[in-house]
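K.L.:
Would you mind keeping the following structure in view while I ask a few things?
There are 2 protein chains.
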Amino acid sequence: MFRKIKQNRMSEDIVNQVLEAISRGDLAPDDKLPSEKELGDIFGVSRVTIREAIRSLEQFGVIVVRQGSRGGAYVKKMDQKAVVNQIGNVLKMANVTFPHLAIARASLEREIIVELIPSRITPEDCEKLVQNIDRAKAHFRNHDSAQRLHSNFGFHTTLARISENPVIILMHKVIVDLSSQFFENVEATPSMVERTFSQHLEIVDLLKKGQFQEAGEVCFRHIAQVSETIVEKSKQQSLLVSRRI
Amino acid sequence: MFRKIKQNRMSEDIVNQVLEAISRGDLAPDDKLPSEKELGDIFGVSRVTIREAIRSLEQFGVIVVRQGSRGGAYVKKMDQKAVVNQIGNVLKMANVTFPHLAIARASLEREIIVELIPSRITPEDCEKLVQNIDRAKAHFRNHDSAQRLHSNFGFHTTLARISENPVIILMHKVIVDLSSQFFENVEATPSMVERTFSQHLEIVDLLKKGQFQEAGEVCFRHIAQVSETIVEKSKQQSLLVSRRI
DNA sequence: GTCAAACAAATAGTTTGACATTTATATGTA
DNA sequence: TACATATAAATGTCAAACTATTTGTTTGAC
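Here you go:
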């Protein structure tokens with residue numbers, strides 16, 4: 214019925230005021246907040262209190278603080294990358310395992326392909342997907358596994374983007390980012406890599422032909438299968454995969 | 214190739230050490246951190262620095278701080294609710310609109326129903342779903358719209374839980390929580406409420422009959438339709454719906 | 001014994017003033 | 001011009017004191 218009142222701590226009040234200012238647009242990205250001393254004068258509190266508020270805002274991810282001359286607290290652009298990072302950090306403290314991430318990703322991408330993409334996909338999108346595959350192949354030839362992984366994940370991220378729904382794109386990116394660390398810790402065999410390439414190509418081909426249902430199923434199986442391999446490989450290398458990330 | 218070193222700020226170091234201690238399990242939920250003074254002695258820094266670290270950890274959501282005797286910083290249980298809250302707060306600062314949330318939710322639930330539920334659903338699950346509907350109806354009769362909404366959202370949350378995938382359950386809950394504020398701000402007409410009841414019932418009936426594909430489609434259309442109504446009603450009441458949440 | 005008020009102890013919240021460190025920019029010099 | 005150096009404006013840190021809040025304990029009245 215009622216919610217408990219708790220308005221201790223001046224720093225909290227300051228945090229809220231700054232957040233509101235950002236929400237309203239009174240503070241735009243790259244804007245500089247007044248210096249700690251000035252803020253102290255404005256809010257009528259000491260520098261220590263201001264600094265506590267700044268630490269909260271910084272942890273929240275809405276400002277960055279630079280030292281030195283021309284330093285200070287600057288409003289951070291809350292772009293997709295920043296949001297994904299923030300959410301990822303929170304999720305790291307939750308008891309989420311790699312298999313859970315994998316299934317969630319596979320499901321999400323299937324839904325994206327089967328239901329969200331058909332009305333939106335363009336030949337240019339297909340072209341981008343193919344480019345991702347080509348880039349990954351080039352990195353494979355150069356034995357650059359980090360970049361190869363990046364391009365392969367890029368294939369899936371590109372898929373998600375076609376949905377044009379920021380919430381879905383965000384959720385997908387969070388899952389992919391958290392998953393990627395597991396991929397980085399196992400060495401992929403050439404056959405695994407080649408299979409990924411051919412499955413990615415198969416998905417693009419099906420998309421081009423308008424066979425979205427099939428493409429979705431191939432994608433789901435692809436992710437499930439690759440994830441299963443990662444889990445197996447991780448076990449061989451005694452890596453934690455079923456524990457919290 | 215290399216990443217820039219940045220070892221400024223002792224409070225950051227302290228934050229990381231505490232986070233690691235929590236990750237390792239050295240600090241369990243409800244454990245009390247030493248007092249500020251003691252922490253200062255342990256880390257060899259002043260109380261001010263300790264307090265800055267504590268503000269960060271608090272904003273991160275891993276501790277709560279109580280004042281007074283027997284007060285101090287206590288490790289917070291990172292249960293689903295806390296994680297959902299944290300992620301929701303981050304998302305509030307992103308440019309996410311209600312329609313985007315609505316489509317994401319509709320898609321997510323369709324995938325849950327069509328692909329994730331079939332192998333898992335039990336008669337008990339159906340019973341829980343029916344109970345949610347009944348509770349909502351009771352609240353409707355009592356003209357308690359807040360509780361009615363809560364039970365109606367509970368129907369969908371119960372659905373998500375059947376997936377048994379914490380990542381999916383989490384994503385779904387975040388979206389539902391963020392969406393709910395829009396529902397709370399418009400007054401639903403009796404006909405809208407009745408239609409929701411009948412659609413929820415229809416979904417349960419289809420689930421009982423094993424017609425998952427159909428249930429998924431009904432659910433998708435139900436969410437899309439209700440959301441559309443919310444958008445319309447909000448416009449009439451001059452509420453922001455297409456701007457950032 | 002029970003209740004309430006007064007008191008004590010522990011802890012977070014805040015202030016003040018000082019000094020250290022970092023960084024961009026201006027200044028001076030070869 | 002190029003490079004070193006000084007300067008100024010920030011943040012980063014410290015120490016010590018005082019305030020506010022919460023909780024436990026004692027004391028006293030009934």
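For the protein sequence lines, the chains are A and B, in the order given.
Those letters in the first sequence? Residues 214 to 458, by the working numbering.
Those letters in the second sequence? Residues 214 to 458, by the working numbering.
The beta-carbon is built from N, C-alpha and C at its ideal position, and this holds for glycine as well.
This one's a predicted model, so the numbers in the text were calculated from it and none came from an experiment.
1. How would you label Ala286(A), buried or exposed, when you count the other beta carbons within 10 angstroms and need 16 or more for buried?
2. Is there contact here, the segment 347-367 of chain B with the segment 405-418 of chain B, by at least three beta-carbon pairs under 8 Å?
3. Output, in chain order, the set of chain B residues within a Cβ distance shorter than 7 Å of Leu314(A).
4. Provide the residue span of the beta strand (DSSP E) that contains Ile276(A), from first to last.
5. Please confirm whether Ile381(B) and Ile334(B) have their CB atoms less than 8 Å apart.
6. Among Gln450(B), Glu415(B), Lys448(B), which one has its Cα closest to the Cα of Phe433(B)?
7. Indicate whether Leu329(A) and Ser269(A) have their beta-carbon atoms separated by less than 8 Å.
8. Please check if any C-beta of chain B sits within less than 8 Å of the C-beta of Ser224(A).
9. In whole angstroms, give me the CA-to-CA distance for Ile276(A) and Ile267(A).
10. Mind checking whether Val296(B) and Ala295(A) have CB atoms under 8 Å apart?
11. Does the CB of Arg283(B) have a neighbour CB from chain A at under 8 Å?
12. My assumption, with CB atoms under 8 Å, is that Leu459(A) sits in contact with Glu337(A). Please give the rounded CB distance.
13. Just list the residues that DSSP pairs Gly285(A) with in beta bridges.
14. Kindly list, in the order they appear in chain A, the residues whose Cβ is closer than 8 Å to that of Glu265(B).
15. Indicate whether at least one CB of chain A lies closer than 8 Å to the CB of Ile388(B).
16. Excluding sequence positions up to five away, which residues of its chain have a Cβ less than 6 Å from the Cβ of Ser392(B)?
17. Would you say Gln272(B) reaches chain A, if we count a Cβ-Cβ gap shorter than 8 Å as a contact?
18. In chain A, which residues lie with their C-beta within 7 Å of the C-beta of Gln299(B)?
19. Looking at the secondary structure, which residues open and close the alpha helix (DSSP H) in which Leu329(A) lies?
20. I need the boundaries of the alpha helix (DSSP H) containing Ile255(A), first residue and last residue.
21. According to DSSP, is Lys448(A) part of a helix, a strand, or is it coil?
22. For Ala241(B), count neighbouring Cβ atoms within 10 angstroms of its own Cβ and tell me buried if that reaches 16, exposed if not.
23. At the level of alpha carbons, what is the spacing between Glu430(A) and Val258(A)?
24. Which residues mark the beginning and the end of the alpha helix (DSSP H) in which Ile316(B) is found?
25. Asn229(B) CB to nearest chain A CB: under 8 Å?
26. Put Lys245(B) into one of helix, strand or coil per three-state DSSP.
27. Whose C-beta lies closer than 6 Å to the C-beta of Leu246(A) among residues of the same chain, with five residues either side of it excluded?
28. Taking just the CA atoms, how far does Val278(A) sit from Arg221(B)?
29. How close, in whole Å, do the beta carbons of Lys250(A) and Arg237(A) come, if the pair is a contact with beta carbons under 8 Å?
30. Is Val439(B) helix, strand or coil by DSSP?
31. Would you check if there are 3 or more beta carbon pairs closer than 8 Å linking the segment 435-449 of chain A to the segment 389-405 of chain A?
32. What residues in its chain sit with their C-beta under 6 Å from that of Lys421(B), if we drop five residues either side in the sequence?
33. When you compare only the Cα positions, how much space is there between Arg456(A) and Pro312(A)?
34. Out of Val406(A), Glu233(A), Pro331(A), which one is the CA nearest neighbour of Arg361(A)?
35. Is Leu252(B) closer than 8 Å to Ile263(B) when the C-beta atoms are compared?
P.N.:
Per the coordinate set shown:
1. Per the 10 Å Cβ criterion, buried.
2. Verdict: yes, contact present.
3. Taking the beta carbon of Leu314(A) as reference, the chain B residues within 7 Å of it are Val380, listed in sequence order.
4. Here the beta strand (DSSP E) through Ile276(A) covers 276-279.
5. Between Ile381(B) and Ile334(B), the CB-CB gap reaches or exceeds 8 Å.
6. It is Glu415(B) whose Cα lies nearest to the Cα of Phe433(B).
7. Remark: C-beta atoms of Leu329(A) and Ser269(A) do not approach each other more closely than 8 Å.
8. Chain B, which has a Cβ nearer than 8 Å to the Cβ of Ser224(A), makes this yes.
9. Distance between the alpha carbons of Ile276(A) and Ile267(A): 8 Å.
10. Not closer than 8 Å, so no.
11. So no, Arg283(B) is outside the interface.
12. Missing from the structure shown is residue 459(A); chain A here goes from 214 to 458 and no further.
13. Beta-bridge pairing links Gly285(A) to Arg279(A).
14. Within 8 Å Cβ-Cβ: Arg264, Glu265, Arg268.
15. With 8 Å as the cut-off, Ile388(B) counts as an interface residue toward chain A.
16. Around Ser392(B): Leu314.
17. At least one chain A Cβ lies under 8 Å of Gln272(B).
18. Residues of chain A whose Cβ lies closer than 7 Å to the Cβ of Gln299(B) are, in chain order, Val303.
19. Neither: Leu329(A) is in no alpha helix (DSSP H) and is coded neither H nor E.
20. Boundaries of the alpha helix (DSSP H) around Ile255(A): 249-256.
21. Three-state result, Lys448(A): helix.
22. Per the 10 Å Cβ criterion, exposed.
23. Rounded to whole angstroms, Glu430(A) to Val258(A) spans 60 Å at the Cα level.
24. 311-324 is the extent of the alpha helix (DSSP H) around Ile316(B).
25. Asn229(B) is outside the set of residues whose beta carbon lies under 8 Å from a beta carbon in chain A.
26. Lys245(B): strand per DSSP, three-state reduction.
27. A distance below 6 Å between beta-carbons, with the five flanking residues on each side excluded, links Leu246(A) to the following residues of its chain, in chain order: Ala286.
28. Note that residue 221(B) is Asn in the sequence shown here, rather than Arg. Between Asn221(B) and Val278(A), the C-alpha separation is close to 11 Å.
29. That belief does not hold up - the Cβ atoms of Lys250(A) and Arg237(A) are roughly 25 Å apart, past 8 Å.
30. Look at Val439(B) here: in three-state DSSP terms it is helix.
31. By the Cβ test, the segment 435-449 of chain A is in contact with the segment 389-405 of chain A, since at least three Cβ pairs between them sit closer than 8 Å.
32. These residues qualify, in order along the chain: Cys339.
33. Residue placement at Arg456(A) is poorly supported in this model, since its pLDDT is 48, which falls under 50; the coordinates still yield a value, given next. If I take the Cα positions, the gap works out to 10 Å.
34. Nearest option by C-alpha distance: Val406(A).
35. Between Ile263(B) and Leu252(B), the C-beta gap is smaller than 8 Å, which places the two residues in contact.
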